Amino acid sequence: MALQFYFGASGAGKSKQLHRDIIDASLEHPEINYLLIVPDQFTMQTQMDLVVEHPNHAIMNIDVLSFGRLTHRILEEVGAVQMPVLDDTGKSLVLRKVSQKEKDRLTVMGSHLHKIGYIHEVKSAISEFMQYGIGIRELEELTDCAKSRGALYYKLQDLGILYQAFQEYIRTRFITTEETLDRLREALPKSDIIRQSVIAFDGFTGFTPIQNRVIQELMRLTKRVIISLTIDERENPYRLEGEQKLFYLTQKTVADLRRLMEEVEVTEEKAVWCKERFGGQLPRFTGNPELAHLEHNLFRYPAAPYEKEAEHIHLLEASTPREELHQTCIAIRRLMQEADRQGEILCYRDIAVVTGNMEVYGRDAAEEFMKFGIPIYLDQTRGILGNPFAAYLRSALQIVLQDFSFEAVFHYLRTGLTGFGREEVDRLENYVRRFGIRGRKRWETMFIYKEENPEGEEAALLQLEAYNAMRSRLMEQMELLLVPHHKTGEHVRALYAFLTANQAQQKLADLERDFKQSGDLARAKEYGQIYPLVIDLLDQMEGLLSDEEMTLKEFADILDVGLGEISVGTIPQNVDRILVGDIERTRLKQVKVLFFLGINDGNIPKAASKGGIISDMDREFLRESQLELAPSPRQQMYIQRFYLYLNMTKPSHRLYLSFAKVNSAGKSIRPAYLVEVVKKIFPGLTVACPQLRSPLEQIATRQEGAGYLARELREYAEGVLPPEREAEFFTIYQVYGEEELEPRRRFLTEAAFKRYQDSGLSAAVARALYGVQLENSVTRLETYAACAYRHFLEYGLTLREREDFSFENVDMGNVYHEVLEQ
């Protein structure tokens, strides 16, 4: 029973050293199990690395797991009772239920708990308590600590009441995600696997209190626990310095683990320091003095400036986040071409893109990279609210709630899961708009309005019959939802019957199959997961709130909240792809080139949180207690600086840093402080604006070239193309004269020079617009006279033809002369 640390700076080779030591030990002691625990995103990559590094290319007594997989493995081994896991939606439902019983005891929260958003905030606070190991007794200590702050005291008091009621309700029914680690800790002493194992933790920046307790139990039971942590060799990992220090998170983790080690009387083995340097550089940066200098000086004070010109670090400016992505794609294409020309091997998997704001950059990344034919994997979970199936459910309920409003009906019909074709929906929409059909009564009644049909009366009747057939199909689908219900269970069963009757599961399975056949594995996986997840949500609502009185509006609101909290994970579609992710969530490994986008204020550091039940000021106050909560905004800023260090020191060849001048809404934004930090380390580094370069340097694909050609052709046709751009324009125009591209150039040219010519109204069009009945008013006569005169001129009618010309059954010649006489 021992604890051992592996220390080293970023790029020092901690993981490689740990892998080699584990492989050597596993060969020497085949009877011992070696468990390597890594973050979820690392499991497959780490397994592959171990297999490649192992001399036998097989890891018989080495296993790579995450915390979640370790929990599953041990609970399965010891035969622990498996209870249903309560997810975030289930927590909200339970809290809604128990809050109704306890609302009279709540001092400040009782009047707010009917609000869905408020329940969500309470759920977040209770999840935080569980994650940080704060039980009822610990929460009482926090409440006593806050007696001097009235509002905080009463909030914590109410949270204590709800927390206790929540735990009592789920005790024999469910287990929360946070509690699974407690179950693991209780099961560890019964496990034979653990007693015969050496366990190593790699790739973590720190641990939560509940994870620390699991590690403490592993120290007590296993032969040895190894922890690898990132810290500069110039720092002392055993001295806890101020939280403003770069490696404070590592020092705090070491202090916590050593304290827990002492509690269980475990010895500490000598730490392994990975600090071997080649020519003064860490292994990752061999031959790259610029990146080695960056690692050695980033966020260290004072930082030594780099005296030479930086060739492998680039600082870029773009107009918008979308343009940043665009220029990134151009740079990646150029890097791949340069590598090919020089005979080097550079794969897409050697390149990564990270950002501090995946909400903005992740939204446009897929589209921009697809234009350039660059495969990527977005490292983020997707919410399902944007999925057609979620829209199908929500719009079906909105039809009932909004009494068949136009918007609700056609939102439902356009989800693609109703069995209506797109052309059918378009025709029905035009019909409904024209005759103002709204409300359930109008949809339940047969349509009687006929449209004029040039093919005659029989064709008009057939068209009306088709509209009524579509109306009947819609009403048949909605029939099960139109029956009034008053309890949650009744609403759930009606919605499930609606899904079953309309074969929603089969339709989603068909879409999943179609996506697989087309090669879109990410969307196939999404469609394969969504139906079971939604049914699980309905099961939870049925199990937790079945007998509770609830209107359809309340049911729809809870369903919206539940759907909003469901997310689906995807897997990379291929091995050779670029990873696009967040600086905190994404774990990078062995990348040669890193693009860091969005280095702007608000992204770096991230904007302060919006607070919650426990505000940011409350967190600062509660730091005086001995209990640990989630980091405050100030602490989070320091932690994010550590993640910046880890990300910026990941590439071994090149680093690209970029920022935007305006955001997606068109508002001006400033570069983040990180830009100045890097400039101080590299005084010779200049900000490049690649989008200002010649189009000949930026156009990388045929599609992009066609877009440029279309814009320039329009300006050329209008005579406003600046002379200095004509040479580039004609060069690209000539390129698109090649045999394959010439049809596209011809089409774009014809479109650019096409001009609208006013040909006047034909008699048939005028009759359709103005009707056939003449009203005897001077204004009307003058209008007809003007219309007649315009037709005389446009069609060059002779005097004889003018006299015979009639319009709307009116002798227009006589009208014209009559007005002239008046």
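In this note's numbering, the protein residues as written are 235 to 1056.
Yeah, the Cβ is synthetic: ideal placement off N, Cα and C, and Gly gets one too.
These numbers come from a predicted model, not from an experiment.
Proximity of residue 742 and residue 765 at Cβ, strictly below 9 Å: Position 508 of the sequence shown, counting from 1, holds the residue named residue 742. Position 531 of the sequence shown, counting from 1, holds the residue named residue 765. Result yes, Cβ atoms of residue 742 and residue 765 sit closer than 9 Å.
Rounded C-alpha distance that separates residue 285 from residue 840: Along the sequence shown, one-based indexing puts residue 285 at 51. Along the sequence shown, one-based indexing puts residue 840 at 606. The alpha-carbon atoms of residue 285 and residue 840 are separated by roughly 38 Å.
So, for residue 761: in the same chain, excluding its five sequence neighbours on each side, which residues have a beta-carbon less than 7 Å away from its beta-carbon? Here residue 761 refers to the residue found at position 527 when the sequence shown is read from its first residue. Counting only Cβ-Cβ distances below 7 Å, and skipping sequence neighbours, we find 742, 745, 746 and 749.
I need the straight-line Cα distance from residue 504 to residue 475, nearest angstrom please. Mapped onto the sequence shown, residue 504 falls at position 270. Mapped onto the sequence shown, residue 475 falls at position 241. Approximately 22 Å, taken between the alpha carbons.
Near residue 810, which residues of its chain fall below 6 Å by C-beta distance, leaving aside the five closest residues on each side in sequence? Within the sequence shown, residue 810 is the residue found at index 576, counting from 1. Once the five neighbours on either side are set aside, the close Cβ partners of residue 810 are 581, 582 and 583.
On the DSSP letters alone, give me the boundaries of the alpha helix (DSSP H) that residue 568 sits inside. On the sequence shown, residue 568 is found 334 positions in, with the first residue counted as 1. 555–575 is the extent of the alpha helix (DSSP H) around residue 568.
Where does residue 1010 fall in DSSP's three states? Walking along the sequence shown from the start, residue 1010 turns up at place 776. Because the pLDDT of residue 1010 is 48, which lies under 50, any placement of that residue in the model is unreliable, and the number read from its coordinates should be weighed accordingly. It is coil, neither helix nor strand.
Find the nearest neighbour of residue 788 within the set 722, 771 and 362, judged by alpha-carbon distance. As a first step, residue 788 must be located in the sequence shown, where it is residue number 554. It is 722 whose Cα lies nearest to the Cα of residue 788.
Thinking C-beta only, is residue 922 closer than 9 Å to residue 548? Here the question's residue 548 lines up with position 314 in the sequence shown. Here the question's residue 922 lines up with position 688 in the sequence shown. The answer is yes: Cβ separation under 9 Å.
Who pairs with residue 610 in a beta bridge, going by DSSP? Position 376 of the sequence shown holds residue 610. Answer is 812, bridged to residue 610.
Look at the alpha carbon of residue 825 and the alpha carbon of residue 816, and state the distance between them as a whole number of angstroms. The residue given as residue 825 occupies position 591 in the sequence shown. The residue given as residue 816 occupies position 582 in the sequence shown. When rounded, the distance between both Cα atoms is 15 Å.
Pull up the DSSP beta-bridge partners for residue 242, would you. Along the sequence shown, read from residue 1 onward, the residue named residue 242 stands at position 8. For residue 242, which the question treats as bridged, DSSP gives the partners 464.
Which runs of the alpha helix (DSSP H) at least 4 residues long sit entirely within the region 686–773? Give them in chain order. 691–712, 722–735 and 738–752
So what's residue 547 in DSSP terms, helix, strand or just coil? Your numbering for residue 547 matches position 313 in the sequence shown. Strand at residue 547.
Leaving aside the five residues before and after residue 896 along the sequence, list all residues of the same chain whose C-beta is less than 7 Å from its C-beta, in chain order. As a position in the sequence shown, residue 896 is number 662, starting the count at 1. 553, 554, 902 and 903.
For residue 934, name the three-state secondary structure that DSSP assigns. Within the sequence shown, numbered from 1, the residue matching residue 934 stands at position 700. Coil at residue 934, not helix or strand.
Give the range of the beta strand (DSSP E) segment to which residue 333 is assigned. Taking the sequence shown and counting its residues from 1, one reaches residue 333 at position 99. Not the beta strand (DSSP E): residue 333 falls in the alpha helix (DSSP H), residues 322–336.
Does residue 519 pass the burial test, meaning 16 or more other C-beta atoms within 10 Å, or should it be called exposed? Counted from its first residue, the sequence shown places residue 519 at position 285. Buried, since its Cβ has 16 or more Cβ neighbours within 10 Å.
Residue 589 - containing beta strand (DSSP E), residue span: Indexing the sequence shown from 1 puts residue 589 at position 355. Run containing residue 589: 585–589, per the beta strand (DSSP E) assignment.
Per-residue burial, residue 785 [other beta carbons within 10 Å of its own, 16 or more giving buried]: What you label residue 785 is simply residue 551 of the sequence shown in a count that begins at 1. Flag for residue 785 reads exposed.
If I measure Cβ to Cβ from residue 1055 and keep anything under 6 Å in the same chain, skipping five residues before and after, which residues do I get? Translated into the one-based positions of the sequence shown, residue 1055 becomes position 821. Interpretation of residue 1055 is limited by its pLDDT of 48, a score under 50 that renders its predicted location unreliable; no figure is taken from the coordinates.
Using only alpha-carbon positions, find the residue among 249, 641, 681 and 323 that is nearest to residue 508. What you label residue 508 is simply residue 274 of the sequence shown in a count that begins at 1. It is 249.
3-residue-minimum beta strand (DSSP E) runs that sit fully inside the region 405–467, ordered along the chain: 431–435 and 458–464
Element boundaries [alpha helix (DSSP H), containing residue 1060]: Look at the range of the chain in this structure, 235 to 1056, and you will see that residue 1060 is not part of it.
Relative to the C-alpha of residue 683, which residue among 695, 674, 673 and 675 is closest? The count along the sequence shown starts at 1 and reaches residue 683 at position 449. If we check each option's Cα against that of residue 683, 695 comes out closest.
Is it a yes or a no for the region 387–406 touching the region 863–881, going by three-plus beta-carbon pairs under 8 Å? no
Starting from residue 855, trace the alpha helix (DSSP H) in both directions and tell me its first and last residue. Position 621 of the sequence shown, counted from the start, is the residue given in the question as residue 855. Taken as a continuous stretch (DSSP letters only), the alpha helix (DSSP H) holding residue 855 covers 850–856.
Quick one: what's got a C-beta closer than 7 Å to residue 253's C-beta in the same chain, skipping five residues either side? Position 19 of the sequence shown, counting from 1, holds the residue named residue 253. So the list reads 283, 284 and 287, once near-sequence residues are dropped.
Have a look at 956, 636 and 912 and flag the residue whose alpha-carbon is nearest the alpha-carbon of residue 536. Here residue 536 is taken as the residue at index 302 of the sequence shown, counted from 1. Nearest C-alpha to residue 536: 912.
Does the Cβ of residue 987 have 16 or more other Cβ atoms within 10 Å, making it buried, or fewer, making it exposed? What you label residue 987 is simply residue 753 of the sequence shown in a count that begins at 1. With fewer than 16 other Cβ atoms within 10 Å, it is exposed.
Taking only the alpha-carbon atoms, compute the straight-line gap between residue 1043 and residue 641 and give it to the nearest angstrom. On the sequence shown, residue 1043 is found 809 positions in, with the first residue counted as 1. On the sequence shown, residue 641 is found 407 positions in, with the first residue counted as 1. Only weak support exists for where residue 1043 lies, its pLDDT of 42 falling under 50; the coordinates are left without a value.
Straight-line Cα distance separating residue 576 from residue 275: Translated into positions along the sequence shown, residue 275 becomes position 41. Translated into positions along the sequence shown, residue 576 becomes position 342. Going by the C-alpha atoms only, they are around 33 Å apart.
contact_flag[the region 376–396, the region 425–434] where n(CB pairs < 8 Å) is 3 or more: no
When the Cα of residue 643 is compared with those of 656, 629 and 655, which residue comes out closest? Locating residue 643 in the sequence shown gives position 409, where the first residue counts as 1. Among 656, 629 and 655, the Cα nearest to that of residue 643 is on 629.
Looking at the structure shown, is residue 777 part of a helix, part of a strand, or coil, going by DSSP? Taking the first residue of the sequence shown as 1, we reach residue 777 at position 543. Note: residue 777 maps to helix in three-state DSSP.
Sequence-distant residues of the same chain with beta carbon closer than 6 Å to residue 510, five excluded per side: The residue labelled residue 510 in the question sits at position 276 within the sequence shown. Nothing listed; no residue qualifies.
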